[in-house]
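**Student:**
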Amino acid sequence: MKIVYDIIPSENESFTALGFFDGVHLGHKDVICTAVENAKALGVKSCVLTFSRRPKSILTGESDMFLTTESEKIRLIESLGVDLLYIVDFKEMMSLSGEEFVKIILVDNLKCKGVVCGFNYHFGKGGKCDSNALAKICEKYNCKTVSREPILYDGECISSSRIRNLLQNGNVLSANKMLGHKFGYCLEVVHGRQLGRTIGIPTINQTFPENFCLPKFGVYASLVTIDGKEYRGVTNIGVKPTVGSDKPVSETWILDYSGNLYDKKVDIRLLDFVRAEQKFASISELKNQILKDSEVVKRIPKDF
C-alpha cells in the first residue's frame, strides 16, 4: 500500500473510500471493503482518503481522543487490501465548497471513477453537504457514488464515539465486537521503577501518546505479542495508586516470558476487564492481588 501525505495528482484512476475511520471499526471496514471490491470490478486502484486530525475537532474545538494511533490505523487499512492511502491535513481543504471538493480533490487529483462513504458522511465548507449532495455533484463528473447503511450492534449503530464510551466504562468485550478486532496499542517499552522485579512480578511500562482514548482505569486480561509469539498478560492501566505515577501508564506482567524489552515496541491487546484500579496498604497485598488477577486472566478466552 502506498501512503501519501499531501493532495497530489494520482497516477492511476481510483475508487475511493471517504472518512476519518478512527478505530477502523466494522462500519468503517464495510465502507473500505466496498471501495476495494468496486475498484477490482472497474480495474482501478482502491484508495482511502482520510485526515491526520478529526475534522469535527478542528471545526468545533473539541479535543481529539483517538481509538487508534496513526501507525495502527495504517496497519488496519492496509490489511483490508487498499492500494493507496491519502492522509492529509483537513485544514488544507476545509474552505472548499462541496463542488470544489469533488472537482479539485476527487476528480482532478484522485482521478476517482467512484467513491463510497458512510450514511452520515459530511463534506464541504462547514460540513454542509451530505451523502445525497455527494451523489448529485459526482453525477456531473461521471463518478459513481455508494453510500453504505450503518452496521448495527445490539440494535444500535456502530460508531467511534460509542466505542470510546464503552472503553471508558471498561466494556472491552463489546468494544472489540464492534471494532471487529481487539482494541489495543503497540508502544515503546520505557523504564519504570523496576519494583515488580523485586517481588517476582517483572512488568513492562508503556506511556500513551497524547489524545489517545484511555480505557477505564483498572486491570485487564491482555494478549501480548513479542517477535510474532503471543503471551497472556495482566495489564494495569492507570496511575498505579499503591506506588504512584505522574500520568496514566500501561503496566503489563507478561506471563511465561522473561527478557529485556526496553526501547522495543510491544503490542498489547485487551481481552476483558478484570477489576478496577485500587490502592493497597502494602506491596505484599499488591503482589497477592496480582497473583489472583493472573489466575482470572488465564481463564478468559483469547477470542471475542
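Counting from 390, one number per residue, gives the positions in the sequence shown under my numbering.
Ideal Cβ placement from N, Cα and C applies to all residues, glycine included.
Would you say Ile-615 and Tyr-574 are within 8 Å of each other, going by their C-beta atoms?
**Tutor:** The residue given as residue 615 occupies position 226 in the sequence shown. The residue given as residue 574 occupies position 185 in the sequence shown. No, the pair does not count as a contact, with Cβ atoms beyond the cut-off.
**Student:** What separation, rounded to the nearest whole angstrom, lies between the Cα atoms of Ser-484 and Lys-517?
**Tutor:** For the purposes of this step, residue 484 is taken as the residue at position 95 of the sequence shown. For the purposes of this step, residue 517 is taken as the residue at position 128 of the sequence shown. Going from the Cα of Ser-484 to the Cα of Lys-517 covers about 11 Å.
**Student:** Run the CB neighbour count on Tyr-651, radius 10 Å, all protein chains shown included, and call it buried at 16 or more, exposed below.
**Tutor:** One-based indexing of the sequence shown puts residue 651 at position 262. Classification of Tyr-651: exposed, given that the 10 Å Cβ count is below 16.
**Student:** Report the partner residues of Glu-640 according to the DSSP bridge assignment.
**Tutor:** The sequence position of residue 640 within the sequence shown is 251, counting from 1. For Glu-640, which the question treats as bridged, DSSP gives the partners Asn-594 and Asn-625.
**Student:** Should the region 410 to 420 be regarded as contacting the region 562 to 569, the criterion being three or more beta carbon pairs within less than 8 Å?
**Tutor:** These segments touch.
**Student:** So what's Ile-476 in DSSP terms, helix, strand or just coil?
**Tutor:** Residue 476 sits at position 87 when you count from the first residue of the sequence shown. DSSP places Ile-476 in strand when its eight states are reduced to three.
**Student:** Taking a contact to mean a Cβ-Cβ separation below 8 Å, would you say Lys-654 touches Glu-577 in this structure?
**Tutor:** Within the sequence shown, numbered from 1, the residue matching residue 654 stands at position 265. Within the sequence shown, numbered from 1, the residue matching residue 577 stands at position 188. Yes, the pair counts as a contact, with Cβ atoms nearer than the cut-off.
**Student:** Between the alpha carbons of Ile-593 and Glu-400, how many angstroms are there, rounded?
**Tutor:** For the purposes of this step, residue 593 is taken as the residue at position 204 of the sequence shown. For the purposes of this step, residue 400 is taken as the residue at position 11 of the sequence shown. Answer to the nearest angstrom: the Cα atoms are 45 Å apart.
**Student:** Of the residues Ser-671, Ala-670, Lys-668 and Val-663, which one's Cα is nearest the Cα of Lys-681?
**Tutor:** Walking along the sequence shown from the start, residue 681 turns up at place 292. Comparing Cα-Cα distances from Lys-681 to each of Ser-671, Ala-670, Lys-668 and Val-663, the minimum goes to Val-663.
**Student:** By DSSP, does Leu-650 sit in helix, in strand, or in coil?
**Tutor:** The count along the sequence shown starts at 1 and reaches residue 650 at position 261. Correct three-state label for Leu-650: coil.
**Student:** Quick one: what does DSSP say Cys-532 is sitting in, helix, strand or coil?
**Tutor:** Along the sequence shown, one-based indexing puts residue 532 at 143. Cys-532: coil per DSSP, three-state reduction.
**Student:** Buried or exposed, going by whether 16 or more other CB atoms sit within 10 Å of the CB of Ile-392?
**Tutor:** In the sequence shown, the residue the question calls residue 392 occupies position 3. It is exposed - the Cβ of Ile-392 has fewer than 16 other Cβ atoms within 10 Å.
**Student:** For the alpha helix (DSSP H) that contains Glu-459, what are its first and last residues?
**Tutor:** As a first step, residue 459 must be located in the sequence shown, where it is residue number 70. Unbroken alpha helix (DSSP H) run through Glu-459: 459 to 467.
**Student:** To the nearest angstrom, report how far apart Leu-456 and Arg-553 are at their CA atoms.
**Tutor:** Within the sequence shown, numbered from 1, the residue matching residue 456 stands at position 67. Within the sequence shown, numbered from 1, the residue matching residue 553 stands at position 164. Leu-456 and Arg-553: Cα-Cα distance of roughly 7 Å.
**Student:** First and last residue of the beta strand (DSSP E) that includes Val-685?
**Tutor:** Locating residue 685 in the sequence shown gives position 296, counting from the first residue. Note, Val-685: premise wrong, no beta strand (DSSP E); alpha helix (DSSP H) at 672 to 688.
**Student:** Assuming Leu-407 contacts Gly-503 (C-beta within less than 8 Å), just tell me the rounded distance between them.
**Tutor:** In the sequence shown, counting from the first residue as 1, residue 407 sits at position 18. In the sequence shown, counting from the first residue as 1, residue 503 sits at position 114. Contact flag wrong, Cβ pair sits at about 11 Å.
**Student:** Which residues in the same chain have their Cβ closer than 6 Å to the Cβ of Gln-667, if we skip the five residues on either side of it in sequence?
**Tutor:** Translated into the one-based positions of the sequence shown, residue 667 becomes position 278. So the list is empty, once near-sequence residues are dropped.
**Student:** Going by DSSP, name the residue or residues bridged to Ile-657.
**Tutor:** On the sequence shown, position 268 is the one that residue 657 refers to. Beta-bridge pairing links Ile-657 to Tyr-574 and Val-613.
**Student:** Would Lys-500 and Glu-426 be called neighbours here (beta carbons separated by less than 8 Å)?
**Tutor:** Residue mapping note: residue 500 aligns to position 111 of the sequence shown, counting from 1. Residue mapping note: residue 426 aligns to position 37 of the sequence shown, counting from 1. Not closer than 8 Å, so no.
**Student:** Going residue by residue through the region 469 to 521, where are the continuous beta strand (DSSP E) segments of at least 3 residues, counting only ones entirely within it?
**Tutor:** As far as the region 469 to 521 is concerned, its whole beta strand (DSSP E) runs of at least 3 residues are 473 to 477 and 501 to 507.
**Student:** Since I believe Phe-479 is in contact with Pro-444 (beta carbons under 8 Å), could you give me their beta-carbon distance rounded to a whole number of angstroms?
**Tutor:** Mapped onto the sequence shown, residue 444 falls at position 55. Mapped onto the sequence shown, residue 479 falls at position 90. Right, their Cβ atoms sit about 5 Å apart.
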